[in-house]
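Colleague: Sending over a structure as structure tokens; questions will come in a sec.
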Amino acid sequence: MIDIETLPISEVNEPVYRVILSRYPQIHLFERVSRPQDWDVLYAVESLTNPRLRDEVGDIRLVPPEDRVYGDGASWIMAAFTHPPVDGRGGRFNRDFGIYYCAADEGVAIAESSFHRARFLRESRIDKTTQEMRVIRAQLGPASLHDLRQLVGDAIYDPDDYGEAQQLGYALRDAKSYGVHYQSVRSEGECYGVMRPKVLGDAIHWRYLRYHYDQGSIVDVESLDGSGRSH
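Be aware that the sequence shown starts at 22, since it is given in the numbering used here, and climbs by one per residue.
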């Protein structure tokens, strides 16, 4: 097990990109709250008339009150933390809590999400389909993240087995880490796994993509404009 006390720190302050399925809705309740103390009241009132609200918002208890963000663009950030992975595998550094995975290079974010979408579709025994994706751009930092880039070759970078990496993720979460800076396993580049939403801000919808999947792989990534027409 890696001793987290020995890990160097990476200072990060830059725009980052994340790719999600376009069908995931914006959770407007986060946008409508400007003061954290208003959240519980508004949620209680809204949930009386909106039975789907709990599913849309996710489990807010996974995020300590002092780490929550509200206002413009907050829903794109908070959704990653209130909706932990639903499959048994989990994410590289998480299983039953949320992490905001992103990259400073949009191409790396696309490569990472392409791999995971293709694996999901393979395991779902789908032969051929297209899926529309949404690119979210946000500001990460200023933030101090635990730097794992020098550990390439360690078990935490296993391409398929996340066991060691998830153990590290739990240790870092318990230590209230803001997240990790690590090498992408799916592309030449670097990624971030943000564990506390308060270091993210200014999240906006950046653009739409269409992933073309055929026989086990994403074979093409098509850029779309806001109206859904291909370029």
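Note that CB positions come from ideal geometry on N, CA and C, so glycine has one too.
From the DSSP output, read off the bridge partner residues of residue 253.
Modeller: Here the chain has residues from 22 to 252 only, and residue 253 is not among them.
Colleague: Quick one: is residue 209 buried, meaning 16 or more other Cβ sit within 10 Å of its Cβ, or exposed?
Modeller: Residue 209 should be labelled exposed.
Colleague: Considering only residues of the same chain and omitting the five flanking positions on each side of residue 260, which have a CB-CB separation below 6 Å?
Modeller: Limits of the chain in this structure are 22 at one end and 252 at the other, which puts residue 260 out of reach.
Colleague: Closer than 8 Å is the cut-off here; do at least three beta carbon pairs connect the segment 151–158 with the segment 23–40?
Modeller: Counting Cβ pairs under 8 Å, three or more are found: they touch.
Colleague: To the nearest angstrom, how far is it from the Cα of residue 25 to the Cα of residue 167?
Modeller: Answer to the nearest angstrom: the Cα atoms are 8 Å apart.
Colleague: For residue 233, does the three-state DSSP call read helix, strand or coil?
Modeller: Strand at residue 233.
Colleague: Should the segment 229–247 be regarded as contacting the segment 195–209, the criterion being three or more beta carbon pairs within less than 8 Å?
Modeller: Result no; under three Cβ-Cβ pairs closer than 8 Å.
Colleague: Could you name each continuous beta strand (DSSP E) segment of 3 residues or more that falls completely within the segment 203–233, going from the start of the chain to the end?
Modeller: Runs found: 211–215.
Colleague: Nearest to residue 244 by alpha carbon, out of 32, 23, 131?
Modeller: Out of 32, 23, 131, 131 has the C-alpha closest to the C-alpha of residue 244.
Colleague: In this structure, does DSSP put residue 249 in helix, strand or coil?
Modeller: Reliability fails at residue 249, whose pLDDT of 48 lies under 50, so the model's placement of it is uncertain and the value that follows must be treated cautiously. In the structure shown, residue 249 sits in coil (DSSP, three-state: anything other than H, G, I, E or B).
Colleague: Tell me where the beta strand (DSSP E) around residue 121 begins and ends.
Modeller: First-last of the beta strand (DSSP E) with residue 121: 121–123.
Colleague: Helix, strand or coil for residue 155? Go by DSSP, reduced to three states.
Modeller: DSSP places residue 155 in strand when its eight states are reduced to three.
Colleague: Compare the beta carbon distance of residue 90 and residue 213 with 8 Å and say whether it is the shorter of the two.
Modeller: No.
Colleague: Is the segment 91–98 touching the segment 123–139, taking contact as three or more C-beta pairs under 8 Å?
Modeller: No, they do not touch.
Colleague: Sort 220, 27, 238 by Cα distance to residue 145 and report the nearest one.
Modeller: The shortest C-alpha separation from residue 145 is found at 238.
Colleague: Who are the Cβ neighbours of residue 220 in its own chain at under 7 Å, not counting the five residues just before and after it?
Modeller: Counting only Cβ-Cβ distances below 7 Å, and skipping sequence neighbours, we find 161, 162, 164, 199.
Colleague: Using the three-state DSSP reduction, which class does residue 182 fall into: helix, strand or coil?
Modeller: Correct three-state label for residue 182: coil.
Colleague: Looking at C-alpha atoms only, which residue of 170, 119, 246, 187 is the closest neighbour of residue 78?
Modeller: Among 170, 119, 246, 187, the Cα nearest to that of residue 78 is on 119.
Colleague: Just how far apart, CA to CA, sit residue 104 and residue 80?
Modeller: Between residue 104 and residue 80, the C-alpha separation is close to 7 Å.
Colleague: For residue 145, does the three-state DSSP call read helix, strand or coil?
Modeller: If DSSP states are grouped into helix, strand and coil, residue 145 belongs with coil.
Colleague: Determine the contact status of residue 110 and residue 186, defining contact as a CB-CB distance below 8 Å.
Modeller: No.
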